[in-house]
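Participant: Okay, here's the structure, questions in a sec.
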Amino acid sequence: MKPTILDVARAAGVSVATVSNALNDTGRASAATRARVREVAATMGYRPNAAGRTLRTGRTGVLALAVTTFGEQTWNYAEIAYYAHMVAAATSAAHAHRYALTVLPASLDADGWHAVAADGVVLLDSPEGDPAARVLRARGIPIAFDGRPHELGPLDSWVDNDHAATMAVVLAHLREQGARRIALLAQNTSDHYTRDCLAAYRSQVDRPRIALTESTDPVGRAEAEQLLRDGADAVYSLLDDGGRGIVAAADALGLRVPDDVLVVTASEDPTYASTSPPVSTVSLRPADTISAAVDALVATLAGGSPSVRDDLTTDLVVRPSSLRRSVPVRASSS
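Just so you know, we're using UniProt numbering here: the sequence shown kicks off at 1 and counts up by one.
Printed below as a string of structure tokens:
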């Protein structure tokens with residue numbers, strides 16, 4: 001027969017209320033009493049009822065994570081290397097803070113967000129007017145964003161890479177390799193990442209050459225072909241699979257990478273090291289970003305003020321697709 005809270009109270013020589021307070025870190029019991037109650041409970045094998053504790057404290061012990069870029073559109077973001085790294089690192093960070101992590105589908109509607117049972121939520125690539133953020137704010141649930149949101153609620157924190165510094169590193173590298181007409185390939189979305197990178201690019205080139213794509217197979221090939229026809233001699237893609245699209249576009253036009261066109265793409269995909277040619281990548285260091293977001297969320301849940309951080313560094317891993325002259329293998333935005 002499983003021990004009850006009354007059994008623990010009798011064994012510890014305290015009231016049921018004291019046992020509850022000791023096990024839930026509430027009330028005014030002394031540290032010695034709390035320690036004794038916990039020791040007795042552990043010895044007896046007593047475990048508080050999770051549902052009952054949730055009702056008493058209003059806490060679930062659960063954090064949630066979702067990518068809301070495309071609203072209610074169904075897609076498996078965990079198949080993309082960047083998000084896969086995010087999910088794995090978020091799980092580790094949540095567990096380190098003694099929280100469970102629920103990974104939510106990308107296709108939740110407003111009713112689904114009203115039903116989410118979590119103490120706090122991490123939203124990745126949240127778009128302008130994100131209905132998920134609107135519902136969570138109305139429910140009083142703290143949010144941590146992996147980038148500056150369009151609107152900031154009273155319980156919202158956000159962390160981000162220094163996208164201006166990253167853009168400067170990429171452009172400097174391409175210019176060192178002889179590029180003079182550097183183009184940018186991006187997704188046609190309103191998320192913070194695209195918005196901030198576009199702003200950084202426009203501020204750092206004399207003549208912006210931008211192609212926005214909504215295609216996915218292969219990502220951006222048609223748009224990349226147009227950029228190359230218009231004279232671009234280097235293309236930086238903000239999209240995980242954009243490097244493949246650019247290389248395919250160059251091949252279709254009879255252009256050689258890197259002799260005629262330099263290519264860099266933002267991606268965590270390790271297979272870019274073995275493509276033909278191997279493609280230079282920008283790593284946004286998602287494990288660092290998501291860990292900082294979870295830390296900020298947990299700090300808010302513990303009673304701290306929401307925080308902002310936009311100085312997380314990135315790495316440029318140089319490979320043959322953007323290499324005409326000898327340069328260091330790795331550069332950083334730090």
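Glycine included, C-beta positions come from ideal geometry on N, C-alpha and C.
1. Below 6 Å CB to CB, which residues in the same chain sit around glycine 153 once its five sequence neighbours on both sides are set aside?
2. Measuring alpha carbon to alpha carbon, tell me which of Val37, Ala248, Ala84 and Ala94 ends up nearest proline 270.
3. Compare the C-alpha of proline 127 against each of Thr69, Glu176 and Leu184 and name the closest.
4. Under the DSSP definition of a beta bridge, which residues are partnered with serine 280?
5. Beta-carbon separation of alanine 78 and threonine 102 under 9 Å?
6. Are alanine 200 and threonine 213 closer than 9 Å when you measure CB to CB?
7. Under three-state DSSP, which class holds isoleucine 210?
8. Under 8 Å by Cβ, that's how I've got alanine 234 and alanine 183 pegged, so tell me the actual separation to the nearest angstrom.
9. Helix, strand or coil: how does DSSP classify leucine 301 here?
10. Between which two residues does the alpha helix (DSSP H) holding serine 237 run?
11. My guess is that glutamine 204 and leucine 238 are in contact by the Cβ rule of under 8 Å, so how many angstroms apart are they, rounded?
12. What number of angstroms, rounded off, separates the C-alpha of glycine 61 from the C-alpha of tyrosine 99?
13. Hey, which unbroken runs of the beta strand (DSSP E) at 3 residues or more fall wholly within the UniProt domain "HTH lacI-type" (3 to 57)?
14. What does the Cβ neighbour count give for threonine 74, buried or exposed, with the cut at 16 atoms within 10 Å?
15. On the DSSP bridge list, what partners appear for isoleucine 143?
16. State yes or no: is the C-beta of histidine 173 within less than 9 Å of the C-beta of arginine 139?
17. Does the structure place the region 282 to 300 close enough to the region 246 to 253 that three or more beta carbon pairs sit under 8 Å?
18. Below 6 Å CB to CB, which residues in the same chain sit around glycine 27 once its five sequence neighbours on both sides are set aside?
19. Would you mind sorting glycine 147 into buried or exposed? The rule is 16 or more other CB atoms within 10 Å of its CB.
20. Considering only C-alpha positions, which residue in the set Val37, Ala106 and Ala179 is nearest to asparagine 76?
21. According to DSSP, is arginine 180 helix, strand or coil?
22. Short of 8 Å in beta carbon distance, which residues of its chain neighbour alanine 232, apart from the five on each side in sequence? Order them along the chain.
23. Using the Cα positions of aspartate 311 and threonine 43, report the straight-line distance between them to the nearest angstrom.
24. Please tell me whether proline 258 and glutamine 177 are closer than 9 Å, where the distance is taken between their beta carbons.
25. Excluding the 5 residues preceding and the 5 following alanine 211 in the sequence, name in chain order all residues of the same chain whose CB lies nearer than 8 Å to its CB.
Facilitator: Quick look at the numbers:
1. Cβ neighbours of glycine 153 within its own chain (closer than 6 Å, five residues either side excluded): Arg137.
2. Comparing Cα-Cα distances from proline 270 to each of Val37, Ala248, Ala84 and Ala94, the minimum goes to Ala84.
3. Of the candidates Thr69, Glu176 and Leu184, the one whose C-alpha sits nearest the C-alpha of proline 127 is Thr69.
4. In the DSSP assignment, serine 280 is bridged to Val264.
5. Contact flag unset, no.
6. Alanine 200 places its beta carbon 9 Å or farther from that of threonine 213.
7. Isoleucine 210 sits in a strand when the DSSP states are folded into three classes.
8. Indeed they touch by this definition, with Cβ atoms about 7 Å apart.
9. In the three-state reduction of the DSSP assignment, leucine 301 falls in the helix class.
10. Segment 234 to 237 is the beta strand (DSSP E) holding serine 237; no alpha helix (DSSP H) there.
11. In fact, because the Cβ distance is near 14 Å, the residues do not count as touching under 8 Å.
12. In a straight line, the C-alpha of glycine 61 is about 5 Å away from that of tyrosine 99.
13. Counting only runs of at least 3 residues, the UniProt domain "HTH lacI-type" (3 to 57) fully encloses no beta strand (DSSP E) element at all.
14. The Cβ neighbour count for threonine 74, taken over all protein chains shown within 10 Å, is under 16; the residue is labelled exposed.
15. According to DSSP, isoleucine 143 bridges with Val121 and Asp156.
16. In this structure, arginine 139 does not lie closer than 9 Å to histidine 173 by Cβ.
17. With the cut-off at 8 Å, the region 246 to 253 and the region 282 to 300 do not touch.
18. Excluding residues within five positions, the ones whose Cβ falls inside 6 Å are Asn21.
19. Counting Cβ neighbours within 10 Å, glycine 147 comes out buried, since at least 16 surround it.
20. Comparing Cα-Cα distances from asparagine 76 to each of Val37, Ala106 and Ala179, the minimum goes to Ala106.
21. In the three-state scheme derived from DSSP, where H, G and I count as helix and E and B as strand, arginine 180 is classed as coil.
22. These residues qualify, in order along the chain: Arg181, Ile182, Ala183, Arg209 and Val261.
23. Here the alpha carbon of aspartate 311 sits roughly 47 Å from the alpha carbon of threonine 43.
24. With contacts defined as CB atoms closer than 9 Å, proline 258 and glutamine 177 qualify as a contacting pair.
25. Result list for alanine 211: Ala183, Leu184, Leu185, Ala186, Gly220, Glu223, Ala224, Gln226 and Leu227, in chain order.
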